[in-house]
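Colleague: Have a look at this one.
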Amino acid sequence: MRGCSQKGLGTHRSECSVLNCKIRRDNSHSITSKYCKKHTCEHFSSPGLGGPRCDKSKEPWDSVCSDRNCNRARLQFLLSAGELKYKREKYCDKHKCSVEGCAELRSTLGQQPFQYRPYCNDHACQENGCLERHMNDFNVCENHKCNIRGCPAPKRHSRRFCDNHNRCGWNGCTGIKEENQDFCSIHLQCETLGCRVRKAPNSRHCEQRGSVHIILAKEEVAYSQKPQEGYTCVTLECGKERVFSELCEVHYGEKCRAVAREGWEEDRQRMEDERVRNRNIIIAQDRVLRERDEEINRLRSWNRGPPPN
Numbered sequence: 002m003r004g005c006s007q008k009g010l011g012t013h014r015s016e017c018s019v020l021n022c023k024i025r026r027d028n029s030h031s032i033t034s035k036y037c038k039k040h041t042c043e044h045f046s047s048p049g050l051g052g053p054r055c056d057k058s059k060e061p062w063d064s065v066c067s068d069r070n071c072n073r074a075r076l077q078f079l080l081s082a083g084e085l086k087y088k089r090e091k092y093c094d095k096h097k098c099s100v101e102g103c104a105e106l107r108s109t110l111g112q113q114p115f116q117y118r119p120y121c122n123d124h125a126c127q128e129n130g131c132l133e134r135h136m137n138d139f140n141v142c143e144n145h146k147c148n149i150r151g152c153p154a155p156k157r158h159s160r161r162f163c164d165n166h167n168r169c170g171w172n173g174c175t176g177i178k179e180e181n182q183d184f185c186s187i188h189l190q191c192e193t194l195g196c197r198v199r200k201a202p203n204s205r206h207c208e209q210r211g212s213v214h215i216i217l218a219k220e221e222v223a224y225s226q227k228p229q230e231g232y233t234c235v236t237l238e239c240g241k242e243r244v245f246s247e248l249c250e251v252h253y254g255e256k257c258r259a260v261a262r263e264g265w266e267e268d269r270q271r272m273e274d275e276r277v278r279n280r281n282i283i284i285a286q287d288r289v290l291r292e293r294d295e296e297i298n299r300l301r302s303w304n305r306g307p308p309p310n
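The sequence shown lines up with residues 2 to 310 when you count with this note's numbering.
Okay, structure coming up:
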């Protein structure tokens, strides 16, 4: 297809850049074209998601520039005063949106101007690189939509939910939920001071084997599964509502700290015993080395006569 000649530098900026064309530039889009509407390639107004706008001019009777020209026949055209006029479709079946009744240009795949998706920008899933059609009332397809029913936002962070529904369920926390969990990694940790092990199900504490917190975890689970006869803390003169086991939050916290202190004392004693044992081993090894050095020096000092006993 014969290309349009361009005007030289210094041309009035409000006019089409095609030589001898005095029509005003097309400003019907968010960015003004260098050409009038007749000479602006359709890939300028419909570049595809994330794709570049075409800055080439087209012939008045065509819809695209020579770089994007298609040799496949359109449905019908008429000759009017020696000028080609397309009567029906602007695009052939290969370049037209696959949605029935839509005559718009298919969306391009990112920065690839000659690779098309099956649908136009209005019907394609808005997720980059996706070939599917978006759902009714949503901008993305079913595979890229947030799994919360009725939420129109796309999934994020390779998770099942959008940014909003991916947030940790802990009040005020904006962290990302762990996979298949309601909370982030921080709020899934055991709440006992200094412990970073994951909580047991339905508990505020871990159930790691050998941990002092396993007692608290088992009590919480057992208490949550049995019928409750009373609702107040059993501590003398405390009328607060129970939270875990038979205690309110305050007295349960005191019990938690007591159990933790007991466990920490056992750990401290075990570490102290280990330190003393290692120190004794080092002292014994040092004694052996000193005795060996003394023997070597004694042998070196012998000059004549029988070696010393």
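Where is the CB? At the ideal position from N, CA and C, for every residue including glycine.
So, for G152: in the same chain, excluding its five sequence neighbours on each side, which residues have a beta-carbon less than 7 angstroms away from its beta-carbon?
Modeller: Mapped onto the sequence shown, residue 152 falls at position 151. One detail in the question is off: residue 152 reads as Cys in this sequence, not Gly. Result list for C152: C163, H166, in chain order.
Colleague: Does DSSP put I177 in a helix, a strand or coil?
Modeller: Within the sequence shown, the letter at position 176 stands for residue 177. If DSSP states are grouped into helix, strand and coil, I177 belongs with the strands.
Colleague: From the DSSP output, which residues share a beta bridge with T109?
Modeller: Mapped onto the sequence shown, residue 109 falls at position 108. For T109, which the question treats as bridged, DSSP gives the partners Y117.
Colleague: Can you tell which of C17, R107, M136 has the C-alpha that lies nearest to the C-alpha of E43?
Modeller: Locating residue 43 in the sequence shown gives position 42, counting from the first residue. Comparing Cα-Cα distances from E43 to each of C17, R107, M136, the minimum goes to R107.
Colleague: DSSP three-state call for R210: helix, strand or coil?
Modeller: Position 209 of the sequence shown, counted from the start, is the residue given in the question as residue 210. Residue placement at R210 is poorly supported in this model, since its pLDDT is 44, which falls under 50; the coordinates still yield a value, given next. If DSSP states are grouped into helix, strand and coil, R210 belongs with coil.
Colleague: To the nearest angstrom, how far is it from the Cα of P61 to the Cα of E16?
Modeller: Residue 61 sits at position 60 when you count from the first residue of the sequence shown. Residue 16 sits at position 15 when you count from the first residue of the sequence shown. C-alpha separation (whole angstroms): 16 angstroms.
Colleague: Short check: CB of C98 to CB of H124, under 7 angstroms?
Modeller: Mapped onto the sequence shown, residue 98 falls at position 97. Mapped onto the sequence shown, residue 124 falls at position 123. Taking 7 angstroms as the Cβ cut-off, C98 and H124 qualify as a contacting pair.
Colleague: Ends of the alpha helix (DSSP H) at H44?
Modeller: The residue given as residue 44 occupies position 43 in the sequence shown. That run of the alpha helix (DSSP H) goes 43-46.
Colleague: State the CB to CB distance for the pair C185 and E179, rounded to an integer number of angstroms; the pair is presumed to be in contact (CB under 8 angstroms).
Modeller: As a first step, residue 185 is located in the sequence shown; it is residue number 184 there, counting from the start. As a first step, residue 179 is located in the sequence shown; it is residue number 178 there, counting from the start. Rounded, the Cβ-Cβ distance is 6 angstroms, consistent with contact.
Colleague: With a CB to CB cut of under 7 angstroms and the five nearest residues on each side skipped, what residues in its chain are close to R271?
Modeller: Here residue 271 is taken as the residue at index 270 of the sequence shown, counted from 1. So no residue of the chain qualifies.
Colleague: Roughly how many angstroms separate the alpha carbons of I149 and I177, rounded to a whole number?
Modeller: Start at 1 with the first residue of the sequence shown, and residue 149 comes out as number 148. Start at 1 with the first residue of the sequence shown, and residue 177 comes out as number 176. Spanning the two alpha carbons is a distance of roughly 16 angstroms.
Colleague: CA-CA distance, K156 and Q127?
Modeller: Here residue 156 corresponds to residue number 155 of the sequence shown, with the count starting at 1. Here residue 127 corresponds to residue number 126 of the sequence shown, with the count starting at 1. Distance between the alpha carbons of K156 and Q127 is about 11 angstroms.
Colleague: In the DSSP output, which residue or residues are listed as bridge partners for A125?
Modeller: By 1-based counting over the sequence shown, the position of residue 125 is 124. R134, per the DSSP bridge assignment.
Colleague: Rounded to whole angstroms, what is the Cα-Cα separation between S64 and N140?
Modeller: Taking the first residue of the sequence shown as 1, we reach residue 64 at position 63. Taking the first residue of the sequence shown as 1, we reach residue 140 at position 139. If you take the alpha carbons of S64 and N140, they lie about 27 angstroms apart.
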